[in-house]
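Asks: In my numbering, the protein residues as written are 320 to 499.
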Amino acid sequence: MATMLYSATMSLDGFIAGPGGDMSWLTEHLGPNPTVDALVGDIGALLVGNRTFRGDDPYRDTPQEGEPFGGGWSGPQFVLTHDVPAAPVPGVTFVTDFGAAVAAAKSAAGDKYVNVLGADVAAQCLDAGLLDEILVCVAPVMLGDGVRLFSHPGGDRVRLERIGLTHVPHATNIWMRVVR
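(1) Just to confirm my understanding: we take residue 424, look at its own chain, exclude 5 residues before and 5 after, and list those with CB closer than 8 angstroms. What are they?
(2) Mapping DSSP to helix, strand and coil, what is residue 305?
(3) Ignore the nearest five residues each way along the sequence and tell me which others in residue 449's own chain have a CB closer than 7 angstroms to its CB.
(4) Do residue 345 and residue 454 have their beta-carbon atoms positioned less than 8 angstroms apart in this structure?
(5) With a Cβ-Cβ cutoff of 8 angstroms, do residue 465 and residue 337 count as a contact?
(6) Pull up the CB-CB distance for residue 468 and residue 327, whole angstroms please, since I reckon it's below 8 angstroms.
(7) Using the rule of at least 16 other Cβ atoms within 10 Å of the residue's Cβ for burial, across every protein chain shown, is residue 390 buried or exposed?
(8) Rounded to whole angstroms, what is the Cα-Cα separation between residue 418 and residue 409?
(9) Could you tell me the distance, in whole angstroms, from the CA atom of residue 426 to the CA atom of residue 497?
(10) For residue 393, does the three-state DSSP call read helix, strand or coil?
(11) Could you spell out the range, first to last residue, of the beta strand (DSSP E) harbouring residue 368?
(12) Could you give the distance in angstroms between the alpha-carbon of residue 456 and the alpha-carbon of residue 473?
(13) Would you list the residues sitting across from residue 322 in a DSSP beta bridge?
(14) Between residue 407 and residue 399, what straight-line distance do the alpha-carbon atoms span, to the nearest angstrom?
(15) Starting from residue 484, trace the beta strand (DSSP E) in both directions and tell me its first and last residue.
(16) Tell me whether residue 345, by its Cβ, gets closer than 7 angstroms to a heavy atom of the ligand HEM.
(17) Using DSSP with H/G/I as helix, E/B as strand and the rest coil, what is residue 467?
(18) Does the beta-carbon distance from residue 489 to residue 401 come in below 8 angstroms?
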């Protein structure tokens, strides 16, 4: 059965995107990361939020633009959206129902990871008790504003257990298990 993993690079002050969804800040923090490089081969499918799928790309104006993990991964992508585009996108399935999107991604992933991309979809997975692990690559920068890694108005405590901690020059990787 697939493991549901939320992964993101985050600023030290907790943002995965800058104001307006800006991802340009991330470009200088991309680079070799053995933890992420090893993970990519274990991902069977992506479950992606609409804002993340249609959003800013840190690989903009490069050959890797629009490619998951800068072109380091290929496979089935399931985008959760209320606005299915008229034209199909190769390798991407647009799904309007959360449960159906999760089921399709898990089925496609088999025994590998379903990598969740996007704060809103990750929060939905947490609320539904479906998220198993979280990998955060903390970049040495503070953005001051933007899209938070996790936000739950009124507060919501999520218990986590650290299962890995590694350092690379441009990030500190923290791998956590969601404690149920």
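Heads up, the beta-carbon is just placed ideally off N, CA and C, and yes, glycines get one too.
Replies: The relevant details are as follows:
(1) Looking up residue 424 in the sequence shown gives position 105. Counting only Cβ-Cβ distances below 8 angstroms, and skipping sequence neighbours, we find 321, 364, 365, 366, 395, 397, 433.
(2) Since the displayed the chain opens at 320 and closes at 499, residue 305 lies outside it and no answer follows.
(3) Here residue 449 refers to the residue found at position 130 when the sequence shown is read from its first residue. Excluding residues within five positions, the ones whose Cβ falls inside 7 angstroms are 323, 421.
(4) Counted from its first residue, the sequence shown places residue 454 at position 135. Counted from its first residue, the sequence shown places residue 345 at position 26. For residue 454 and residue 345, no; Cβs fall outside 8 angstroms.
(5) On the sequence shown, residue 465 is found 146 positions in, with the first residue counted as 1. On the sequence shown, residue 337 is found 18 positions in, with the first residue counted as 1. For residue 465 and residue 337, yes; Cβs fall inside 8 angstroms.
(6) On the sequence shown, residue 468 is found 149 positions in, with the first residue counted as 1. On the sequence shown, residue 327 is found 8 positions in, with the first residue counted as 1. Confirmed, about 6 angstroms.
(7) The sequence position of residue 390 within the sequence shown is 71, counting from 1. With fewer than 16 other Cβ atoms from the protein chains shown falling within 10 Å of its own Cβ, residue 390 counts as exposed.
(8) On the sequence shown, residue 418 is found 99 positions in, with the first residue counted as 1. On the sequence shown, residue 409 is found 90 positions in, with the first residue counted as 1. Taking the straight line from one Cα to the other gives about 22 angstroms.
(9) Translated into positions along the sequence shown, residue 426 becomes position 107. Translated into positions along the sequence shown, residue 497 becomes position 178. Taking the straight line joining both Cα atoms gives about 21 angstroms.
(10) Indexing the sequence shown from 1 puts residue 393 at position 74. Coil, per DSSP.
(11) Position 49 of the sequence shown, counted from the start, is the residue given in the question as residue 368. Residue 368 -> beta strand (DSSP E) spans 362-368.
(12) Taking the first residue of the sequence shown as 1, we reach residue 456 at position 137. Taking the first residue of the sequence shown as 1, we reach residue 473 at position 154. Each residue's Cα considered, the two are about 26 angstroms apart.
(13) On the sequence shown, position 3 is the one that residue 322 refers to. DSSP output for residue 322 lists 432 as bridge partner(s).
(14) If you number the sequence shown from 1, residue 407 lands on position 88. If you number the sequence shown from 1, residue 399 lands on position 80. Straight-line Cα distance between these residues: approximately 14 angstroms.
(15) Taking the sequence shown and counting its residues from 1, the one referred to as residue 484 is at position 165. Per DSSP, residue 484 belongs to the beta strand (DSSP E) from 479-487.
(16) Among the ligands in the structure shown, none appear at all, so the ligand HEM cannot be discussed.
(17) Taking the first residue of the sequence shown as 1, we reach residue 467 at position 148. Note: residue 467 maps to strand in three-state DSSP.
(18) Counting from one through the sequence shown, the residue named residue 489 turns up at place 170. Counting from one through the sequence shown, the residue named residue 401 turns up at place 82. No; because the gap between Cβ atoms is not below 8 angstroms, this pair is not in contact.
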